[in-house]
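Trainee: One structure, as structure tokens, below. Some questions next.
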Amino acid sequence: MSLPTMHGTARLIDDPELRFGAGSGKAVVRVRLAFNSRKKDKATNEWVDGDTFFIDGKAFDQAAEHIAESLTRGMEVVVSGRLRTEKWETGQGEKRSASALLIDSIGPSLARATAVVTKAPSSSGGQGQGREEFQRARSQQGAASADDPWASGAPASSAPAGGWGGGAQGGGYAEEPPF
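Heads up, the final residue of the sequence shown is numbered 1140 in our numbering, and it's a clean run with no missing numbers.
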């Protein structure tokens, strides 16, 4: 039997939270997502928000690092993954559970935005960069994109701050698309 899958368009409630495992140094990211249904009321010709479904998404290793580098609060994303129930016990001994989404794929929605995709360098063993390398790459990204208005903290027009690409200028590769 397999876990149920979920595919849809959501909005990031907060910036992704990247952490590294104490012993393994393995990257894990938490992404808070909101899915909602908007419908146009034909009588008033206005958009009306319907029900909203909130869920925490998680991704690991290199995908976690890519998500933390590329996505920011407020972005509309297309996401797919597997639903599971996480269980834990509080400090007072109470048992709790919540649904979570194990993210298989996530990226910006291009319905009302554009994106610049940067091919990520391959890492040895698929273990990601590790905390120090990630922080060094993140600070270099900020320095390399200082002249890029999309990389600044100030939003331009209706686009969210931080841009969509998450990479340095130049894109990382120049070959034509494979299609």
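We put the beta carbon where it would ideally sit given N, CA and C, even for glycine.
Quick one: what does DSSP say Ser1066 is sitting in, helix, strand or coil?
Mentor: For the purposes of this step, residue 1066 is taken as residue 105 along the sequence shown, with counting starting at 1. If DSSP states are grouped into helix, strand and coil, Ser1066 belongs with the strands.
Trainee: Could you compute how far the alpha carbon of Pro1082 sits from the alpha carbon of Leu973?
Mentor: The count along the sequence shown starts at 1 and reaches residue 1082 at position 121. The count along the sequence shown starts at 1 and reaches residue 973 at position 12. Computed Cα separation, rounded: 26 Å.
Trainee: For chain B, check one thing: does any of its Cβ atoms lie closer than 9 Å to the Cβ of Phe1021?
Mentor: Absent from the structure: chain B. Only one protein chain is present.
Trainee: Mark Gly969 as exposed unless 16 or more other C-beta atoms lie within 10 angstroms of its C-beta, in which case mark it buried.
Mentor: Looking up residue 969 in the sequence shown gives position 8. Exposed, since its Cβ has fewer than 16 Cβ neighbours within 10 Å.
Trainee: Where Glu978 and Ala1020 are concerned, what is the direct C-alpha to C-alpha distance, given to the nearest angstrom?
Mentor: In the sequence shown, the residue the question calls residue 978 occupies position 17. In the sequence shown, the residue the question calls residue 1020 occupies position 59. Glu978 and Ala1020: Cα-Cα distance of roughly 11 Å.
Trainee: Excluding the 5 residues preceding and the 5 following Ser1041 in the sequence, name in chain order all residues of the same chain whose CB lies nearer than 6 Å to its CB.
Mentor: Position 80 of the sequence shown, counting from 1, holds the residue named residue 1041. Cβ neighbours of Ser1041 beyond the five flanking positions: His968, Asp1065, Ser1066.
Trainee: What are the boundary residues of the beta strand (DSSP E) that includes Glu1037?
Mentor: On the sequence shown, position 76 is the one that residue 1037 refers to. Segment 1037 to 1050, the beta strand (DSSP E) holding Glu1037.
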